[in-house]
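Asks:
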């Protein structure tokens, strides 16, 4: 179950943050620029960027922002899963056209902070984050699945 008692605070336009470490302000470079720089600690992935290009640099990245220019563009979900499954433990921020009905799914894919273009109602967001107590598939959020729970009993 996701703890929604504290939706978090963070810099600038970030509305929800589920991390205890120091927030990073913005993804400052593009994926291509990140690969060419040795000191880039924050990157922004745009639709069409290949998140796999960042895999050799995960240990130095404190923030990866993934842009959702429209709610119908789901490529950012795949980028998030690629990074989390490769072991990325830094902040993963969804930015752009982030909607209430996407929050729970984004959280399952590994997003731990959210900067929607339009501020979301916090009560609606708390309900969205807590939508499903039980899940069937394993995901980046590492929640126990229904099958796991059956075998625990």
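In our numbering, the protein residues as written are 14 to 166. All residues carry an ideal CB built from backbone N, CA and C; glycine is no exception.
1. Where residue 109 and residue 69 are concerned, what is the direct C-alpha to C-alpha distance, given to the nearest angstrom?
2. For residue 48, I'd like the list of residues in its chain whose CB is within less than 6 angstroms of its CB, leaving aside the five on either flank, ordered along the chain.
3. Here's the rule: buried if 16 or more other CB atoms are within 10 angstroms of the residue's CB, otherwise exposed. What is residue 31?
4. Tell me, please, which residues DSSP counts as bridged to residue 95.
5. Counting along the chain, where does the beta strand (DSSP E) carrying residue 78 start and finish?
6. Output the residue ranges of the alpha helix (DSSP H) runs that lie fully inside the region 32-68 and measure 4 residues or longer, sorted by chain position.
7. If residue 93 sits next to residue 123, beta carbons under 8 angstroms apart, how far is it from one beta carbon to the other, in whole angstroms?
8. Less than 8 angstroms separating the beta-carbons of residue 56 and residue 37?
Replies: On the basis of the data shown:
1. Locating residue 109 in the chain shown gives position 96, counting from the first residue. Locating residue 69 in the chain shown gives position 56, counting from the first residue. Taking the straight line joining both Cα atoms gives about 26 angstroms.
2. Working through the chain shown from its first residue, we reach residue 48 at position 35. Only 66 meet the Cβ criterion.
3. By 1-based counting over the chain shown, the position of residue 31 is 18. By the 10 Å Cβ count, residue 31 comes out buried.
4. As a working note, residue 95 is residue 82 in the chain shown. In DSSP, residue 95 forms no bridge with anything.
5. Here residue 78 refers to the residue found at position 65 of the chain shown. 76-81 is the extent of the beta strand (DSSP E) around residue 78.
6. 44-49
7. Locating residue 93 in the chain shown gives position 80, counting from the first residue. Locating residue 123 in the chain shown gives position 110, counting from the first residue. Correct: roughly 5 angstroms between the Cβ atoms.
8. For the purposes of this step, residue 56 is taken as residue 43 along the chain shown, with counting starting at 1. For the purposes of this step, residue 37 is taken as residue 24 along the chain shown, with counting starting at 1. Their beta carbons are not under 8 angstroms apart, which means residue 56 does not touch residue 37 by this criterion.
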